[in-house]
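S.K.: Would you mind keeping the following structure in view while I ask a few things?
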Amino acid sequence: MENNEKKRSSFSGGIGFVLAAAGSAVGLGNLWRFPYLVAQYGGGIFILVYIIAALTFGFALMTTEIAVGRKTKKSPILAYKAIHKKFGFLGYIAALVPIIILPYYCVIGGWVIKYMATYVGGAGRAAADTGYFGSFIGSSGSPLIFFAIFLAVTVFIILIGVEKGIEKISKFLMPLLLVISVIICIYVCTLPGAGAGIKYYLLPDVSKFSFMTVCAAVGQIFFSMSLAMGIMVTYGSYTKKETNLTKSVNQIEIFDTVVAFMAGFMVVPALYVFSGEAGLQQSGAGLMFETLPRVFDQMGGGMIIGTLFFVLVFFAALTSSISIMEAIVSSFMDKFKMTRLKACIITIVICILLGVPASLGNGAWSNIKLLGMDFLTFFDYLSNSVIMPIVALCTCLLIGWFVGCKVIIKEITRNGERMHRKKLYIVMIKFVAPILLVIILITSSLSQFG
Ligand code: PHE
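Numbering (UniProt numbering), first residue to last: 1 to 450.
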């Protein structure tokens, strides 16, 4: 608690808060997950739906969570209860999400380390070979080792308490990631035939729209903006009363969306050039790892750019995994009054228990399926398409119908700030978001069981 109190007053001001929250938000969700969803859900139409949903739904939910945190000054497990005593359960469900995400996040983080090591070791060319990625994740042993390394680095940082130092480094590295991304995007635009790929990425093809597009976009908003899992409540609880929350929410959202957009721009048009639309539709979770090495292979100075790129992705993933693990550890400490070390050990055990199947699901255990999915896909589905929509739905009901939007609006405007899009906020929280979330929950369960 003491530690929390110290932290709770630690954001120096608006921009410190925005950068810390952006450090948590920008990660594999933007760089790895967003591009392959764009590819799977038909290019431009997914981007359009994502941006509309981010500006309405994402904005309303992020505003709510940060305001709940600042108002109650409590960690999520206690914050929802402090808003309404019947909603104590919500903190617990929200706390479950990081526990499910962290293990598979570390698996993907391990893939990033593998690629980083390959490039740093000067073997980047080999990564461009077809089949390189497949044979790596299919090999069972090697991905497990890299998973363990990523987990160990995360734990090490949390245990010796240098998160602040890593955050400082990443404040400097993140802009660099943007610069490198711009360079890669410009190069992709010069590939012969890039025009058609860029068109596919930017121009929405309405005939590709289905309700699954909305489900996927909303799930991605949760994941990418670290929503519906208590994380933004925690960040809100560390924010000063003077900080202008509407402005901060806008900045975090814009930053997160720009990084995702650029990540998509780097790979989707490029793969379109290499393998056409069919190639995009067949691609899956390996998209970033399979396509970018091919881009680097063709690009002048590509090996240096590739090395830098994977180092930066590693740092972006690390700041996120630290924030996911912090959330779990502090929930355990708050709830069970345990020491930090004990909470860390339990978190590591959970990570191994869930992370090993998530990793082996692409190799030795690929014949084991849960609801027709390998373990990693199943954990991703469970968190993004089931638990997060439930948390978001309950949050909307709590604020919209149990305590009233006024509570949040009052917190946002406490220093006399104007709240932009206030009407939109109320309509979203009371009506649109709950209805949408119910439909999403039905659709995503039907798509599995139907
Ligand atoms: N938002 C992060 C990303 O895009 C992932 C994350 C999930 C971070 C949960 C914190 C909590 O990669």
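Ideal placement from N, C-alpha and C gives every residue a C-beta, glycine not left out.
Please name the residue, chosen from Ile-184, Ser-320 and Gly-230, that lies closest to Ile-261 on a Cα-to-Cα basis.
M.R.: The sequence as given places Phe at residue 261; Ile does not occur at that position. Phe-261 has its Cα closest to that of Ile-184, out of Ile-184, Ser-320 and Gly-230.
S.K.: Are Val-249 and Phe-59 close, meaning C-beta to C-beta below 8 Å?
M.R.: Going by C-beta atoms, Val-249 is nearer than 8 Å to Phe-59.
S.K.: For Ala-53 and Ala-217, which I take to be in contact (beta-carbon distance under 8 Å), what is that distance rounded to the nearest angstrom?
M.R.: Right, their Cβ atoms sit about 5 Å apart.
S.K.: DSSP state of Leu-370, grouped into three classes?
M.R.: Correct three-state label for Leu-370: strand.
S.K.: Report yes or no: do three or more beta-carbon pairs, one from the region 310 to 325 and one from the region 16 to 30, lie closer than 8 Å?
M.R.: They touch, by the three-pair rule.
S.K.: Just curious, the alpha helix (DSSP H) that Trp-111 is in, first and last residue?
M.R.: Looking at the DSSP string, the run of the alpha helix (DSSP H) that includes Trp-111 is 88 to 120.
S.K.: Considering only heavy atoms of the ligand PHE, does any lie closer than 7 Å to the CB of Met-229?
M.R.: Because some heavy atom of the ligand PHE lies under 7 Å away, the Cβ of Met-229 counts as near it: yes.
S.K.: Taking only three categories from DSSP, how would you classify Lys-208?
M.R.: It is helical.
S.K.: Taking 8 Å as the CB-CB limit, is Ile-45 close to chain C?
M.R.: Among the chains in the structure shown there is no chain C, since it carries only a single protein chain.
S.K.: Determine whether the beta carbon atoms of Leu-176 and Thr-395 lie at a separation below 8 Å.
M.R.: No, these two residues do not count as a Cβ contact at 8 Å.
S.K.: Which runs of the alpha helix (DSSP H) fall wholly inside the region 252 to 286 and span at least 4 residues, in chain order?
M.R.: Listed in chain order, nothing qualifies, since the region 252 to 286 has no complete alpha helix (DSSP H) run of 4 or more residues.
S.K.: Tell me the start and end of each unbroken alpha helix (DSSP H) in the region 118 to 167 that is at least 4 residues and wholly inside, in chain order.
M.R.: 124 to 127, 132 to 137 and 141 to 160, all fully within the region 118 to 167.
S.K.: Determine the direct distance from the alpha carbon of Ile-305 to that of Ile-180, and round the result to whole angstroms.
M.R.: Cα to Cα, the separation comes out at about 7 Å.
S.K.: With respect to 7 Å, is the separation between the Cβ of Asn-30 and the closest non-hydrogen atom of the ligand PHE below this value?
M.R.: Checking the Cβ of Asn-30 against the ligand PHE gives yes.
S.K.: Taking DSSP as the reference, what is the three-state secondary structure of Ala-60?
M.R.: It is helical.
S.K.: Give the single residue among Ile-100, Pro-204, Ile-254 and Ile-77 whose Cα lies nearest to the Cα of Ile-350.
M.R.: It is Ile-100 whose Cα lies nearest to the Cα of Ile-350.
S.K.: Would you decide whether Asp-205 is buried or exposed? Buried here means 16 or more other CB atoms lie within 10 Å of its CB.
M.R.: Exposed, because fewer than 16 other Cβ atoms sit within 10 Å of the Cβ of Asp-205.
S.K.: Can you tell me where the alpha helix (DSSP H) holding Cys-394 begins and where it ends?
M.R.: Looking at the DSSP string, the run of the alpha helix (DSSP H) that includes Cys-394 is 388 to 397.
S.K.: Leaving out five residues before and five after Gly-284 in sequence, what residues of the same chain have Cβ atoms less than 8 Å from its Cβ?
M.R.: If we look at Gly-284 and ignore the five residues flanking it on each side, its Cβ neighbours are Tyr-36 and Gln-40.
S.K.: How about Ile-429 and Gly-236: are their beta carbons less than 8 Å apart?
M.R.: Their beta carbons are not under 8 Å apart, which means Ile-429 does not touch Gly-236 by this criterion.
S.K.: On a CA-only basis, which of Lys-74, Ile-83, Val-49 and Phe-150 is nearest Lys-406? Give me that one, please.
M.R.: Out of Lys-74, Ile-83, Val-49 and Phe-150, Ile-83 has the C-alpha closest to the C-alpha of Lys-406.
S.K.: Taking C-beta to C-beta, are Leu-173 and Phe-296 nearer than 8 Å?
M.R.: Against a cut-off of 8 Å, the Cβ pair of Phe-296 and Leu-173 comes out as no contact.
S.K.: Is any non-hydrogen atom of the ligand PHE found closer than 7 Å to the C-beta of Ser-170, if you look at the structure I gave you?
M.R.: No.
S.K.: With C-beta atoms as the reference, is Gly-131 less than 8 Å away from Asn-362?
M.R.: No, they are not a contact pair.
S.K.: Ordered along the chain, which non-local residues of its own chain (more than five positions away) have a Cβ less than 8 Å from that of Thr-63?
M.R.: Hits under 8 Å: Leu-245, Thr-246, Val-249, Ile-408, Ile-412 and Tyr-425.
S.K.: Can the beta-carbon of Met-299 be found less than 8 Å from the beta-carbon of Tyr-119?
M.R.: No, these two residues do not count as a Cβ contact at 8 Å.
S.K.: Counting along the chain, where does the alpha helix (DSSP H) carrying Lys-335 start and finish?
M.R.: Unbroken alpha helix (DSSP H) run through Lys-335: 302 to 336.
S.K.: If contacts are defined as beta-carbon pairs under 8 Å, then Phe-150 and Cys-106 qualify, I think. What distance do you get, rounded to the angstrom?
M.R.: That belief holds up - the Cβ atoms of Phe-150 and Cys-106 are roughly 5 Å apart, short of 8 Å.
S.K.: Heavy atom of the ligand PHE less than 7 Å from the Cβ of Phe-223, yes or no?
M.R.: Correct: Phe-223 has its Cβ closer than 7 Å to the ligand PHE.
S.K.: Need the endpoints of the alpha helix (DSSP H) that Phe-431 sits in, please.
M.R.: Neither: Phe-431 is in no alpha helix (DSSP H) and is coded neither H nor E.
S.K.: To the nearest angstrom, how far is the alpha carbon of Ile-254 from that of Tyr-238?
M.R.: So the two alpha carbons sit approximately 21 Å from each other.
S.K.: Compute the distance between the beta-carbons of Thr-257 and Gly-124, then report whether it is under 8 Å.
M.R.: No.
S.K.: Suppose contacts are defined by Cβ-Cβ distances below 8 Å. Is Ala-128 in contact with Gly-230 by that definition?
M.R.: Taking 8 Å as the Cβ cut-off, Ala-128 and Gly-230 do not qualify as a contacting pair.
S.K.: Could you give the distance in angstroms between the alpha-carbon of Val-432 and the alpha-carbon of Leu-159?
M.R.: Distance between the alpha carbons of Val-432 and Leu-159: 42 Å.
S.K.: Does the distance from the C-beta atom of Ile-45 to that of Phe-209 stay below 8 Å?
M.R.: Yes; because the gap between Cβ atoms is below 8 Å, this pair is in contact.
S.K.: Suppose the cutoff is 6 Å on Cβ atoms and the five residues either side in sequence are ignored; what does the same chain contact list for Arg-444 look like?
M.R.: Here the sequence assigns Ser to residue 444, which means Arg is not the residue at that position. Excluding positions up to five away in sequence, the list reads Cys-215 and Ser-385.
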